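What follows is a single structure, written as structure tokens, with notes after it.
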Amino acid sequence: MDLEERTLDDTIARTCSVCGAKLTSAEIKDAREAGGPFLCSVHAAEVAPADEIATDIEPS
378 MDLEERTLDD TIARTCSVCG AKLTSAEIKD AREAGGPFLC SVHAAEVAPA
428 DEIATDIEPS
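Here it is in structure tokens:
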């Protein structure tokens with residue numbers, strides 16, 4: 378049985394899995410650290426936990 382040679386690059390997406398936009402280096406890094414899907418900053422913000430969003434909003 379032959380083992381296929383793979384590199385770390387094989388697991389890195391370069392486009393958003395939702396809209397297909399090209400990802401920045403920071404977006405790729407964030408997705409790798411989170412272990413989640415590769416998303417652009419717009420779509421990553423849509424799936425942010427509610428407690429993170431709540432801390433960004435100041436009470437009026």
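In my numbering, the protein residues as written are 378 to 437. Beta carbons are placed, not taken as given, at the ideal position from N, Cα and C, and that holds for glycine. Here the structure is a predicted model, which means the values were calculated and not measured.
**Request:** State the Cα-Cα distance for the pair P414 and G397, rounded to the nearest angstrom.
**Result:** 12 Å
**Cβ of R391 within 8 Å of any chain C Cβ** = You won't find chain C in this structure, because it holds only one protein chain.
**Message:** Quick check: what's the CA-CA separation for E410 versus V419?
**Reply:** 18 Å
**Item:** Cut-off 6 Å between Cβ atoms - residues of its own chain near V469, not counting five sequence neighbours on either side
**Value:** No statement about residue 469 is possible, as the shown extent of the chain runs from 378 to 437 and does not include it.
**Message:** Just to confirm, is the Cβ distance from S394 to L416 under 8 Å?
**Reply:** The Cβ-Cβ distance between S394 and L416 falls below 8 Å.
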